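Peer 1: Residues in the sequence shown are numbered consecutively from 400, following this note's numbering.
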Amino acid sequence: MRSRVCISWSAVLVVLVGCAFERGNAQWPSIGRVATIDGVVTSYDRDPWMVDGDGIMMVDSSAHGRVTVLVPARINLCQARGMDVATSAEPGDRLRVTGEVVGHARISACRSTEHEVARLVVDAIR
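#1: How would you call M449, buried or exposed, if buried means at least 16 neighbouring beta carbons within 10 angstroms?
#2: Could you compute how far the alpha carbon of G452 sits from the alpha carbon of V520?
#3: Return the chain-ordered list of same chain residues with a C-beta closer than 7 Å to the C-beta of S442, the five sequence neighbours on each side being excluded.
#4: By Cβ distance below 6 Å, which residues in the same chain neighbour F420 in space, the five residues on each side in sequence not counted?
#5: When the Cα atoms are used, what is the spatial distance from C509 to D483?
#6: On a Cα-Cα basis, can you pick out the residue from A504, E513, V516 that is closest to S461?
#7: Bridge partners of A434, per DSSP?
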């Protein structure tokens, strides 16, 4: 009986670990480095802009899983290209984001001229 319980718990653990690492297997760059992700916007919280904070855009990337993209309220001070895309993005939009890594799965797309937010165009089926 005891061996069945151990086997059952082992099976549960294997399933949980498999689910946790199913997506986003790519190595995440260290803080301060520049990273580029391609993905789909899943949500966008613009409320922090009302108090001069960063908007929080969640992007699902096949390479990195869910990534938080920080978009500052004062985009006129950003050096990055594509800030108009960053502010107008909506859930479902496909984007390529290049920015500075500020934490695990967190990018700030504003701090440098090499940063950019761009729409990805999916070719239509002909």
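All C-beta atoms in this analysis are idealised placements derived from N, C-alpha and C, irrespective of residue type, glycine included.
All figures in this text were calculated on a predicted structure; none of them were measured in a lab.
Peer 2: According to the structure data:
#1: Walking along the sequence shown from the start, residue 449 turns up at place 50. Exposed.
#2: In the sequence shown, counting from the first residue as 1, residue 452 sits at position 53. In the sequence shown, counting from the first residue as 1, residue 520 sits at position 121. Looking at the two C-alpha atoms, the distance is approximately 30 Å.
#3: What you label residue 442 is simply residue 43 of the sequence shown in a count that begins at 1. Result list for S442: M457, P490, in chain order.
#4: Working through the sequence shown from its first residue, we reach residue 420 at position 21. Any reading at F420 is ruled out, since the residue's pLDDT is 42, under 50, leaving its predicted position unreliable.
#5: As a working note, residue 509 is residue 110 in the sequence shown. As a working note, residue 483 is residue 84 in the sequence shown. Approximately 12 Å between the Cα atoms of the pair.
#6: Position 62 of the sequence shown, counted from the start, is the residue given in the question as residue 461. Cα-wise, what sits closest to S461 is A504.
#7: Translated into positions along the sequence shown, residue 434 becomes position 35. G498, per the DSSP bridge assignment.
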